[in-house]
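Line by line, the protein sequences give chains A and B.
Residue 1 is where the first sequence starts when you use this note's numbering, and the numbers rise one by one after that.
Residue 1001 is where the second sequence starts when you use this note's numbering, and the numbers rise one by one after that.
Glycine residues also receive a C-beta, built at the ideal position from the N, C-alpha and C atoms.
Report on the structure given below.
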Amino acid sequence: MKILVVDDSKAMRMIVIRTLRQSGCGDHSITEASNGKEAFAKLSTEDFDLVLCDMNMPEMNGLELLSALRAKGCPVKFGFVTSEGTASMRQQAQEAGASFLVSKPFTVETFSAAVRHAILAA
Amino acid sequence: MLPAEEAIQVITREVFSSLGYDTSPAPVVTHPEGLASTVEIAGPAAVTVGVELPWDLASNLAALLFETTENPTPTELMRDVTGEIANMLGGNIKGLMPGATTLSLPVTKSIAPPPDEVTSPNHMAMAFDCELGRFVVTVTLHSAEETLQ
């Protein structure tokens, strides 16, 4: 499985990748992007099975990325990993086509529960 | 109205716990020389959320998170970690604020000399200890009409 981790913070990308490994998902192929624009470019040339994406980023934010992907018919499974985990943001994420939203900060358990479910369903 | 101090303590504890560190409130707020990062929450109540890390703490935190032994720790890595802490604090405090709100990207800068303490009912500064050192979290409430700096 190919996973794209999108976050403008390199520290958070490392934390997400480390948590993926701790969740037993370390054997997947993981690629990084530092904002929505860069992720969109990678997704335009390469197939991924899952995108784990921050919400608040420069250039193109997570919601804009997801909307752009869906607008061009890209069905990739998409989950947000964001510090903005309010009910309103969850609704926005779901309406835009996200499969799940993990709130930052997260534990290995909460992250694992959301991501493993998405991986199994992919 | 500022969020409750207890809520900020819980959020701060959870943010640092996710980085692998336990924190406890410290009795004395001493603004450090080091790195400060702030995010702005815009909405019916405009709020600035900040974190101030002394150099040693920012350096150790970045070195451990990035698993680097480079000495000195690259400033870019320290700024990244400090900004992400502000982002997580701000995103969670945003959830405590009324109405529709938006969160800015973090702005991170070095602080030297340390800032003076602000005394205002609309400003909260809390110190915390973790095993790597002491840091400060600030929350400032602005009027909705006030332009944020």
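Query	Result
So, with DSSP's three-state summary, where would you put VAL1029 (chain B)?	coil
To which residues of the same chain is MET1088 (chain B) closer than 6 Å at the C-beta, ignoring the five residues directly before and after it?	VAL1015
So LYS10 (chain A) contacts chain B; which residues on that side make the cut at Cβ distance below 8 Å?	PHE1066, LEU1077 and ASP1080
Could you have a look at LEU1132 (chain B) and say whether DSSP puts it in helix, strand or coil?	coil
Give me whichever residues DSSP pairs with LEU1141 (chain B) in a beta bridge.	B:VAL1047
Between LEU1077 (chain B) and the rest of its own chain, which residues show a CB-CB distance below 6 Å, the 5 nearest in sequence each way excluded?	ALA1062 and PHE1066
Can the beta-carbon of VAL5 (chain A) be found closer than 9 Å to that of PHE111 (chain A)?	no
So which residues on chain B does MET14 (chain A) lean against when the C-beta distance must stay under 7 Å?	LEU1065 and PHE1066
Looking at the unbroken beta strand (DSSP E) that takes in THR1038 (chain B), where does it start and where does it end?	1034-1042
Taking the Cβ atom as the reference point for each residue, do ASN1060 (chain B) and PRO105 (chain A) lie within a distance shorter than 9 Å?	no
Between THR45 (chain A) and chain C, is there a C-beta pair that is closer than 9 Å?	Going by chain labels, chain C is absent from the structure shown, which instead holds the protein chains A and B.
Please confirm whether VAL1136 (chain B) has its beta-carbon closer than 9 Å to some beta-carbon of chain A.	no
Across the segment 92-108 of chain A and the segment 65-84 of chain A, are there enough close Cβ pairs to call them in contact, namely three or more that are closer than 8 Å?	yes
Taking the beta strand (DSSP E) that LYS2 (chain A) belongs to, which residues open and close that run?	2-6
For LYS77 (chain A), report the span of its beta strand (DSSP E) as first-last.	77-82
Going by Cα to Cα distance, which pick from A:MET57, A:GLU46, A:LEU20 and A:ALA39 is closest to HIS117 (chain A)?	A:LEU20
Within 10 Å of its beta-carbon, does PRO1072 (chain B) have 16 or more other beta-carbons around it, so buried, or fewer, so exposed?	exposed
Do you know how far the Cα of ALA1045 (chain B) is from the Cα of MET12 (chain A)?	28 Å
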